[in-house]
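**Q**
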Amino acid sequence: MIFKMAGKLLRGIFTLVFIAAVVLAGWYYRAELRGAMGWISQKFGWAGEEVVMEGGLSETLAAETERVWRSAAAGSGPDTVRLTSEQVQSWVRFSLPAFLPPGVENVAVALGDSTLTFSGRIDFAALEQAYPQAAEGRRMFGDSVNVSGELSHTVDAPGAGRANVLRVSPIPGLMLPLALRELGAGIGLEVAGTSVATQVPETFQNLTIQDSAVVIRRRP
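In my numbering, the protein residues as written are 5 to 224.
(1) Once DSSP output is grouped into helix, strand and coil, what is the label at G165?
(2) Please return the same chain residues whose Cβ sits closer than 8 Å to the Cβ of S148, not counting the five positions on each side in sequence.
(3) According to DSSP, simplified to helix, strand and coil, what is W31?
(4) Use the C-beta contact count for T69: other C-beta atoms within 10 angstroms, 16 or more gives buried, fewer gives exposed.
(5) Mapping DSSP to helix, strand and coil, what is L178?
(6) Compute the Euclidean distance between the alpha carbons of A138 and G81, then round it to the nearest angstrom.
(7) State buried or exposed for T225, treating a residue as buried only when at least 16 other CB atoms are found within 10 Å of its CB.
(8) What residues in its chain sit with their C-beta under 7 Å from that of G197, if we drop five residues either side in the sequence?
(9) Quick check for students: name the residue ranges of the alpha helix (DSSP H) that lie wholly in the segment 54 to 113, counting only runs of 4 or more.
(10) Check E154 in the structure and name its three-state DSSP category.
(11) Quick check on DSSP: helix, strand or coil for A139?
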């Protein structure tokens, strides 16, 4: 049950940003901006930068990530827990796909000083099975598109976190708040500006990215 919250958190974040970047952009801007978007696509391209994950990732490290998360969520272990880049990337490679919609592929993440960067690929034919609006995305962007972005995370209150979406390619920055709001309403996530509400264990005082690690601080 505890780890399902982690899965829901990550699934919500990734589903939101990936589908917002392609499906909603295609649905919302539709014909009135298709000409302009086509020109931008030819001029600059839609492909976001690809995140390359480290070598040495394993299912063993993915399982260790789950164990550490469960322990921290249960209120046991040290007051501060660091999930290393290798642990997080192993979880993303071997466990995260089970929480993502069909058509979201090749997901990769990298941890920086205070943010997480991500990239992935959208296969519209597969995504359309779950989200019919993907047909419009395919008409605008083609059969597939590469997506990338960056976000940070913090905890505001017991059980209530917030993912701050800093950028998502190919959505223009000025259009990102609207895209996130419309999509959040569609899939049941609370969005304020470019912040997405997340659910975290109530034992967490904070959940942030620091110095290439996910840092969990438990409540006293």
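We put the beta carbon where it would ideally sit given N, CA and C, even for glycine.
**A** The structure says:
(1) As a first step, residue 165 is located in the sequence shown; it is residue number 161 there, counting from the start. Strand at G165.
(2) Counted from its first residue, the sequence shown places residue 148 at position 144. So the qualifying residues of the chain are R125, I126, D127, F128.
(3) Taking the first residue of the sequence shown as position 1, residue 31 is located at position 27. Residue confidence for W31 is low, a pLDDT of 45 falling below 50, so the modelled location carries little weight; the figure read from the coordinates is stated next. Residue state, collapsed to three classes: helix.
(4) Sequence index remark: in the sequence shown, residue 69 carries index 65 (1-based). Looking at its Cβ environment, which holds 16 or more other Cβ atoms inside 10 Å, T69 is buried.
(5) Mapped onto the sequence shown, residue 178 falls at position 174. Residue state, collapsed to three classes: helix.
(6) Your numbering for residue 138 matches position 134 in the sequence shown. Your numbering for residue 81 matches position 77 in the sequence shown. A138 and G81: Cα-Cα distance of roughly 44 Å.
(7) As shown, the chain starts at 5 and ends at 224. That puts residue 225 outside it, with no answer to give.
(8) Taking the first residue of the sequence shown as position 1, residue 197 is located at position 193. Counting only Cβ-Cβ distances below 7 Å, and skipping sequence neighbours, we find P181.
(9) 63 to 77, 89 to 98
(10) Numbered from 1 along the sequence shown, position 150 holds the residue referred to as residue 154. Note: E154 maps to strand in three-state DSSP.
(11) Here residue 139 refers to the residue found at position 135 when the sequence shown is read from its first residue. DSSP places A139 in helix when its eight states are reduced to three.
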